[in-house]
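Protein chains: 2
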Amino acid sequence: MGRIRNFDRDAVLESAVDVFWERGYDGAGMQEICRVTGLNPGSVYAAFGDKHGLFIEALKSYMASMSRETIARLNSNPSGRAGIADYYAALIEAMLDGKRRWGCLVTNSIVEFAMNDPQISEAFQLHLARLETALSGAIERAKQAGELSRDVDAAEAAVFLVCTTQGLNVLAKTRPSRRTLEAITRHAFTAVGFKA
Amino acid sequence: MGRIRNFDRDAVLESAVDVFWERGYDGAGMQEICRVTGLNPGSVYAAFGDKHGLFIEALKSYMASMSRETIARLNSNPSGRAGIADYYAALIEAMLDGKRRWGCLVTNSIVEFAMNDPQISEAFQLHLARLETALSGAIERAKQAGELSRDVDAAEAAVFLVCTTQGLNVLAKTRPSRRTLEAITRHAFTAVGFKA
DNA sequence: TCCATTCTTGAATATGAATTCAAGAAAATT
DNA sequence: AATTTTCTTGAATTCATATTCAAGAATGGA
């Protein structure tokens, strides 16, 4: 059958995600991608076609792992309110200390590509819709539990929270203080209808 | 004295702003910049040094005109509440029809450059601080007028509104509906403490 | 009118990054 | 073990685009 591939495709994608995340699509040179993944150009091109193809796969990998993590956190607690609080608490920590200092790969890419690339554009819409649905679900649970008034429109509130998250993703790049981030999420909570 | 320059520096900057705004820094080719401004490469380089220099000046021109417009709108009405409402109403229109479909040049650039360029980074912080101050002023006026409770923290509320605007700037690129944009600004109003 | 200076022009060049490719190495099948 | 197939390597190439430059044109002063 011939020589077997001796690198792990998923591990390579995870490394590539970091480069695109930190530097952006244009800012990420094949040279650095090769350094970080430990691959040579030839192997990258054989496995992924070209830089654009690598990026699409890296983006999908990022989206999948983020969706998974977000949904898990929102549902980690029977209380919808606590789920949303946990989600934002984790976001803030990552923005202060973790990779979220680089913003969010989806947000960064929406801005960098506008909606010029139909393939990427579709993936964005899907990802944002997924986040929105997960938030909406948590809001509905909060309503059921009496943590929130029955006449809150869950869909609208979810869109608003998605917008807040996008805003945080931008501000994260300006190295904001914990105080600033917490003030923002506190206001978002109020906006949805949760009591302080 | 020699030949006099026969183009208007400010007009050139305004055209350049549009190219950077729509395409981003990397996406804006000198070729297109020359086409749009009507200049030749040589003239651009003589006047602005290089692409980076042109960008910095274009960004400053954008920031100045946006600050001016925003502050004017926020103060266009004696009521702080009405000023903020006008500001968001105008933003929504521009996101549906106008150049804000391309997002905001500041937001786009914050994301594209992260905080790698100190010169640009400083300009960002200043611009965001200006917006924050203007919003905070309107909120204070609303408090004075009894449109808002005295114990609203104007500084925190202003930071929150800046975040919302950044989020809108991102979502604008996904071609959102009027309903979506209005739902978001309605929630932001609530979050600050205005009655529906 | 002529000169000195500065601007304009657009083709030529330089630069940097993506991509290819030919040779070598490893695995599996016979 | 030989053979075939596929992967790996990294230097060479291609390609795109920022930048330069030499020649021409317009202005103000002498």
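So the sequences go chain by chain: A and B.
Heads up: the first sequence runs through residues 1 to 196, numbered per full-length UniProt numbering.
Heads up: the second sequence runs through residues 1 to 196, numbered per full-length UniProt numbering.
Even for Gly, the Cβ is constructed at its ideal location relative to N, Cα and C.
- Residue burial is scored here from C-beta neighbours: Lys195(B) has fewer than 16 other C-beta atoms within 10 angstroms and is therefore classed as exposed.
- Taking 9 Å as the cut-off between beta carbons, the residues of the segment 137-165 of chain A near chain B are Asp153, Ala155, Glu156, Ala157, Val159, Phe160, Leu161, Val162, Cys163, Thr164, Thr165, in sequence order.
- Looking at Met1(A), Glu156(A), Gly137(A), Asp153(A), the one whose alpha-carbon comes closest to that of Ala82(A) is Gly137(A).
- Among the residues of the segment 89-101 of chain B, none has a Cβ less than 8 Å away from any Cβ of chain A.
- Just measuring C-alpha positions, the residue of Cys34(A), Ala85(A), Val170(A) sitting nearest Met115(B) is Val170(A).
- Separation of Ser65(B) and Ile71(B) (C-alpha to C-alpha, rounded to the nearest whole angstrom) is 10 Å.
- What Glu112(A) touches in chain B, judged by beta-carbon distance under 9 Å, is Gly24, Asp26, Gly27, Asn108, Val111, Glu112, going in chain order.
- Check the Cα spacing between Thr165(A) and each of Ala85(A), Ser76(A), Arg23(A): the tightest is with Ala85(A).
- His187(A) reaches chain B at Glu156, Ala157, Phe160, Ala191, Val192, counting residues in chain order whose Cβ is nearer than 8 Å.
- The beta-carbon of Lys173(A) is placed less than 7 Å from the nearest beta-carbon of chain B.
- Residue contact with chain A for Ile120(B): absent (no Cβ-Cβ distance below 7 Å to any residue of chain A).
- Counting only Cβ-Cβ distances below 8 Å, Phe124(B) has contacts in chain A at Thr174, in chain order.
- Contact check for Arg73(B) against Tyr87(B) passes: the beta carbons are separated by less than 7 Å.
- Not a single CB atom of chain B sits nearer than 7 Å to the CB of Ile33(A).
- Here DSSP, grouped into helix, strand and coil, assigns Tyr25(A) to coil.
- Thr37(A) is classed as buried because its beta carbon has at least 16 other beta carbons within 10 Å across all chains shown.
- Residues of chain B with a Cβ closer than 9 Å to the Cβ of Ala72(A) do not exist; the shortest Cβ-Cβ separation is about 23 Å.
- Taking the Cα of Glu69(A) as reference, the smallest distance to any Cα among Leu161(A), His127(A), Asp153(A) is reached at His127(A).
- With contacts defined by Cβ atoms closer than 7 Å, Val162(A) and Leu131(A) form a contacting pair.
- Taking all protein chains shown into account, Ser149(B) has fewer than 16 neighbouring C-beta atoms within 10 Å of its C-beta and is therefore exposed.
- Interface flag for Val170(B) against chain A is set, since a Cβ pair is found closer than 7 Å.
- Spanning the alpha carbons of Asp8(B) and Ala154(B) requires a straight line of approximately 41 Å.
- In the three-state scheme derived from DSSP, where H, G and I count as helix and E and B as strand, Cys104(A) is classed as coil.
- Residue-level contact check: Gly80(A) does not touch chain B, since none of the beta carbons of chain B fall below 7 Å from its beta carbon.
- For Val44(A), the uninterrupted alpha helix (DSSP H) segment begins and ends at 41-48.
- In this structure, Ala157(B) places its C-beta atom within 7 Å of the C-beta atom of Val192(B).
- Chain A places no beta carbon closer than 7 Å to that of Ala134(B), leaving this residue out of the contacts.
- Looking from the CA of Asp18(A), the closest CA among Cys34(A), Asn6(A), Pro118(A) belongs to Cys34(A).
- With 16 or more neighbouring CB atoms inside 10 Å of its own CB, Ala28(A) falls in the buried class.
- If you draw a straight line from the Cα of Glu93(A) to the Cα of Ala183(B), it comes to about 28 Å.
- Interface criterion not met: the Cβ of Ala16(A) is under 7 Å from no Cβ in chain B.
- Counting only the Cα atoms, Ser15(B) lies some 10 Å from Trp21(B).
- Thr180(B): member of the alpha helix (DSSP H) spanning 178-192, first to last residue.
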